[in-house]
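Mapping to the UniProt record's numbering: the sequence shown position 629 is 629, numbers consecutive. Where is the CB? At the ideal position from N, CA and C, for every residue including glycine.
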Amino acid sequence: MTLPSPVPGETMAAPAPYPAESVVGELLALLNGNAPAQEFATRLAALEALPDAMARKQGLIELARMAMALRNRLDQHEQRERGMLAVIESAQDLSARLDLPELLKAIVTRARDLLRAHLCWLTIYDAAIGEFKVVVADGAIATRTGRMTAKRDRGVAGIVMSTRMPFSTPDYLHDNRFTHDADLDDIFRDEGVGALVGVPLIWNDDVIGLLFVADRYHRTHTALNVSILCTLATHAAVAIHNAKAFADAQAAVERADLARAELERHARDVQAAVEAHEQLTSLLARGASLGELCQSIAQLLQGSILVLDEALQVIGGADAPDYTGTAARRYEPYGAHSADLTQALRESRRAGRSTIAYESDGELCRGIAVIGGDGVLGAVLLFRREDMRDSFVRTFERSSSVIGTVLLSQERMEASKSRAVSELLRTLVSPRQGEPALARDRAERFGLDLARPLALMLVELDPSGAGFMARRLRASLVLPGVALDEIDGVLTLVCGAAHAEALRAAVEDHARRAVGTAYRGVVSRPAHGAAELPALYAALRRALAVVGRLGMRGRIVAQNEMAVYSILFETQDRASLAQFLDTAIGPLVDHDRKRGTDLAATLLAYLDNRQNASVTAAQLGIHVNTMRQRLASIGALIGAVWNDAHRALEIHLALRLWTLDVAGAPATGRPRGSIQAPPD
């Protein structure tokens, strides 16, 4: 029998009596069919609407209420069962999933589904900034929700953080039990959040995060819901701790692997360094040349090696077979990087270690000073695409010691040879030459034949660098039969007369590259034997002094060009020479300088051609009338009696001196035709 439903506002007629067994059966059917609670409420209302006079009314109402209570208990059991299943599944995830973001996402999704909430998110506490940051969220509508942060002293987060207990509010935005955060309130308004529950993630008495569920209506959660949420929060805390422990363990394993790899690499480097040291020592023991050492070092260090002397000139080098860099080949002693290199080598001498000097087109230049005896022997440069590990840097620095030993040995051999050459040269230019046969034997050891015509050359270098230039020339000259050394601060060279011009060109080339134009020299006429050399030496010293007074630089002149001037002016100072030139041809030279004419050169050619105007005009490529006009202009400038025999000789001599001076003018910085005292 179906109980009638009461209609609001109407008086229901008394129903016919019916047995209680029908009511019981209907309630059992609802329970068996898992009918919703609303169905039981409807039945209870119908029973309560029956007339009070009906028999057993109260008993039927009590039966309906018992059925509703049973229905509620069944709901609670079902909810507990779902909660237990969720907890079990969460525990299974803890053991089955290693990816922390996926695990936290599963916990958040499960909590939202279990509590049938609109929104759920999980935060982790960042102690560095004192804030909780959302790491995973489910059900959010606003984009800001997944990126929100909460301060530890604001909102529900502040209460849970301080009490370490769950906290629930049915209406978050209007709850005054905590301090609100304006930014969070704006986000919650966008989301439409009403009710909110937060529980702590605790590990070792520390709150490491928070788990929240929220609804977009006012709601009060049961203790069971909060308990399940706390259990899921505990699982999340375990997951976070396990993930951190796993990450720490993984990092420890990686550090151990790196340490092992570093130890193995260090062992290999030490072994390579030992082998390199043995190889270099072996090369040194068997007397390997500087080139062989450079090649071995370049191959060991996979780069380009340059060995420099004390003037930073290259005296050796090599490239590794597979190295394609070009910086070593582009090295210049006084190039763009010379200041950086000088500073690096200065630091190397101070610290006793190598250092990076400069970078050129992707190649690093590492340099180290080579010390030997009481001074610096030079430097070693290594060019590579990238810098080396410390063990290979040590190998490079040890190799510089080996090269220093070779350079020191070469220097001692050179010094021994230099002493022998110096003794020979001093014997040849000394007025008391001693036993000719002994001098001849000494000269033959250096390939010099004293029986053939000889040539003598003297060269001054500013600043005084004759000894250095002598070492450079002995190491690089390929001409046969040359004896050279420094004597009294002047580079002195003796060779066969046939090789004099080639020697002069070679010396000028080396001097120009070493000191620019800060040199001057004189080469003698051929001497028919060694007996003529002392007189030639004295004459060249006088000529060299005159050359210096004239201010000539960057030239080696022939003795014949300077012979008469050496006799006439060797006792004159520079100011006297300048006064002589100014008196003799000063107006003529000034006119040429101001007007751009060539009257001085025309007069010199005229005097050289025995004052023959026709021959001079033909030589200069001008008409004879033009020649006569120039002579008239010359007479107007230096006087009509310039062609007097004595006056002509004086002017001719002055023009010859002026020609020598002008040839050296570019080196002194004077314009062509200027007459002034040469600089000291």
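If we ignore side chains and look at the alpha-carbon of each, how far apart do residue i and residue j end up?
{"i": "residue 377", "j": "residue 349", "result": "11 Å"}
{"i": "residue 103", "j": "residue 164", "result": "23 Å"}
{"i": "residue 51", "j": "residue 58", "result": "11 Å"}
{"i": "residue 490", "j": "residue 519", "result": "11 Å"}
{"i": "residue 397", "j": "residue 334", "result": "24 Å"}
{"i": "residue 198", "j": "residue 167", "result": "5 Å"}
{"i": "residue 27", "j": "residue 64", "result": "7 Å"}
{"i": "residue 38", "j": "residue 203", "result": "43 Å"}
{"i": "residue 307", "j": "residue 126", "result": "58 Å"}
{"i": "residue 243", "j": "residue 71", "result": "43 Å"}
{"i": "residue 499", "j": "residue 479", "result": "8 Å"}
{"i": "residue 614", "j": "residue 631", "result": "12 Å"}
{"i": "residue 419", "j": "residue 534", "result": "20 Å"}
{"i": "residue 486", "j": "residue 439", "result": "18 Å"}
{"i": "residue 447", "j": "residue 264", "result": "58 Å"}
{"i": "residue 457", "j": "residue 315", "result": "25 Å"}
{"i": "residue 221", "j": "residue 235", "result": "20 Å"}
{"i": "residue 266", "j": "residue 143", "result": "52 Å"}
{"i": "residue 131", "j": "residue 240", "result": "17 Å"}
{"i": "residue 495", "j": "residue 481", "result": "6 Å"}
{"i": "residue 601", "j": "residue 441", "result": "50 Å"}
{"i": "residue 426", "j": "residue 477", "result": "21 Å"}
{"i": "residue 390", "j": "residue 320", "result": "20 Å"}
{"i": "residue 233", "j": "residue 208", "result": "10 Å"}
{"i": "residue 409", "j": "residue 401", "result": "12 Å"}
{"i": "residue 405", "j": "residue 372", "result": "7 Å"}
{"i": "residue 560", "j": "residue 525", "result": "7 Å"}
Judging by CA-CA distance, which residue of the options is the nearest neighbour of residue i?
{"i": "residue 492", "options": "502, 438, 424, 440", "result": "424"}
{"i": "residue 363", "options": "336, 403, 303, 400", "result": "303"}
{"i": "residue 237", "options": "210, 246, 222", "result": "210"}
{"i": "residue 172", "options": "134, 476, 213, 427", "result": "213"}
{"i": "residue 300", "options": "394, 315, 539", "result": "394"}
{"i": "residue 384", "options": "620, 449, 325, 635", "result": "325"}
{"i": "residue 147", "options": "135, 289, 153", "result": "135"}
{"i": "residue 122", "options": "141, 114, 145, 130", "result": "145"}
{"i": "residue 542", "options": "459, 128, 621", "result": "459"}
{"i": "residue 581", "options": "658, 623, 558", "result": "658"}
{"i": "residue 629", "options": "603, 170, 531, 60", "result": "603"}
{"i": "residue 186", "options": "208, 155, 206, 169", "result": "155"}
{"i": "residue 375", "options": "178, 311, 399", "result": "311"}
{"i": "residue 688", "options": "120, 269, 114, 356", "result": "This structure cannot settle anything about residue 688, because the visible part of the chain is limited to 1 through 680."}
{"i": "residue 117", "options": "41, 181, 217, 539", "result": "217"}
{"i": "residue 313", "options": "329, 323, 22", "result": "329"}
Please classify residue i as buried or exposed, where buried requires at least 16 neighbouring CB atoms within 10 angstroms.
{"i": "residue 501", "result": "exposed"}
{"i": "residue 553", "result": "buried"}
{"i": "residue 296", "result": "buried"}
{"i": "residue 403", "result": "buried"}
{"i": "residue 101", "result": "exposed"}
{"i": "residue 253", "result": "exposed"}
{"i": "residue 189", "result": "exposed"}
{"i": "residue 191", "result": "buried"}
{"i": "residue 359", "result": "exposed"}
{"i": "residue 678", "result": "Low local confidence applies: a pLDDT of 39 at residue 678 is under 50, so the model's placement there is unreliable, and no value is given."}
{"i": "residue 528", "result": "exposed"}
{"i": "residue 200", "result": "buried"}
{"i": "residue 680", "result": "Because residue 680 carries a pLDDT of 36, less than 50, the predicted location of this residue cannot be relied on, and no value is offered for it."}
{"i": "residue 289", "result": "exposed"}
{"i": "residue 757", "result": "This structure leaves residue 757 out entirely; the chain is present only between 1 and 680."}
{"i": "residue 219", "result": "buried"}
{"i": "residue 225", "result": "buried"}
{"i": "residue 68", "result": "buried"}
{"i": "residue 472", "result": "buried"}
{"i": "residue 538", "result": "exposed"}
{"i": "residue 521", "result": "buried"}
{"i": "residue 66", "result": "exposed"}
{"i": "residue 666", "result": "Residue placement at residue 666 is poorly supported in this model, since its pLDDT is 36, which falls under 50; the coordinates are not used for a value here."}
With DSSP as the reference, please indicate the residues paired to residue i in a beta bridge.
{"i": "residue 555", "result": "520"}
{"i": "residue 305", "result": "318, 382"}
{"i": "residue 137", "result": "121"}
{"i": "residue 366", "result": "356, 382"}
{"i": "residue 151", "result": "131"}
{"i": "residue 199", "result": "211"}
{"i": "residue 168", "result": "197"}
{"i": "residue 492", "result": "458, 485"}
| query | Which runs of the alpha helix (DSSP H) fall wholly inside the segment 417–441 and span at least 4 residues, in chain order? | reply | none
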